[in-house]
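A short worksheet on the structure shown next.
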Amino acid sequence: MGLAAQKLNIKVALPVFEHIGEDNIVEKLKEAGVPVSGKSVLFDGRTGEAYREPIVVGIGYIMKLIHMVEDKTHARSTGPYSLVTQQPLGGKAQMGGQRLGEMEVWALEAHRAAHILQEMLTIKSDDVVGRAKAFEAIVKGTDIPQSTIPESFKVLVKELQALGLNVNPTGVVTARPVSATQTVTDDTVKKEAEEIAKASGQETVAEAAPAAPTEETNG
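Residue numbers (my numbering): 114 to 332.
Below, the structure written as structure tokens:
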């Protein structure tokens, strides 16, 4: 049908999943002066001899996807963040950031780029307190402090609490050398837990002191 339409200089629309009658095709082929079989004699480009059997020749039209690199190139220094997760938005239209997905994390882990991975998942993403402190340190020319708890973890805690699960961050266990004159006491652990809870937006509840024993006297 495409060959007949090209010969007759007309346009034919054939929607998807719709059938066109064979009689209509034969009629247009005859009108265009093309063999009803739709086949033509082709010649071998190397020898110049004709092939023994005629071959179907036609004109097909396809919808070309317009995906150009020039239209997709995008970068940003800073921009909008999600109100829920505090992570950068996605997409060029929203001035979004570059997505660091699960496989990109695996690639950084494979190269043992621990510091880059830590930076990507915290101050360059949803660590609100950490990125503010990092910006302040860059302006003042001081060392960038350690990152705090990402906002996505806080959202996870809130979602678990919405399910009726009481989740309270107690602290981060880190392997660190302890000198002979330094001991880790309960007060130290409690202080670290309070700092983590404060950074996550939760209020710590002070433990109630035990009541002093009272003596009963018989008058």
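Just so it is clear, CB atoms sit at the ideal spot from N, CA and C, and this is done for glycine as well.
Alpha helix (DSSP H) segment containing residue i, residue limits
i    : result
M233 : 227 to 234
D184 : 182 to 185
S265 : 264 to 275
M216 : 215 to 223
D239 : Segment: none, D239 is in no alpha helix (DSSP H) and carries neither H nor E.
L116 : 115 to 121
A145 : 135 to 145
Rounded C-alpha distance that separates residue i from residue j
i    : j    : result
E249 : Q200 : 19 Å
I236 : K124 : 58 Å
V241 : A206 : 23 Å
R244 : I262 : 11 Å
E166 : V154 : 7 Å
M208 : S238 : 15 Å
A227 : M216 : 15 Å
V139 : V149 : 6 Å
A293 : G214 : Low confidence applies to A293: its pLDDT is 47, below 50, so where it sits in the model is not reliable enough to give any reading.
N281 : D256 : 31 Å
I179 : A247 : 41 Å
P193 : G204 : 11 Å
T191 : I172 : 50 Å
A220 : E307 : 35 Å
V170 : E131 : 22 Å
D136 : A163 : 30 Å
A118 : T160 : 32 Å
F266 : V218 : 17 Å
Identity of the residue in the options nearest residue i by Cα
i    : options                : result
I229 : V241, M208, S260, V242 : S260
L116 : F130, K143, E131       : K143
R189 : G158, G210, E222, V218 : G210
V129 : Y174, L202, G161       : Y174
M233 : H224, I251, R212, V252 : R212
Counted within 10 angstroms of its Cβ, other Cβ atoms place residue i as buried (16 or more) or exposed
i    : result
G277 : exposed
V147 : buried
E264 : buried
G254 : exposed
K177 : exposed
Test item: CB-CB of residue i and residue j under 8 Å
i    : j    : result
V197 : V270 : no
K152 : I168 : yes
A145 : K185 : no
M181 : K141 : no
The ligand FMN heavy atom lying under 7 Å from the CB of residue i
i    : result
Y194 : With respect to the ligand FMN, the structure shown offers nothing to examine, as it has no ligands at all.
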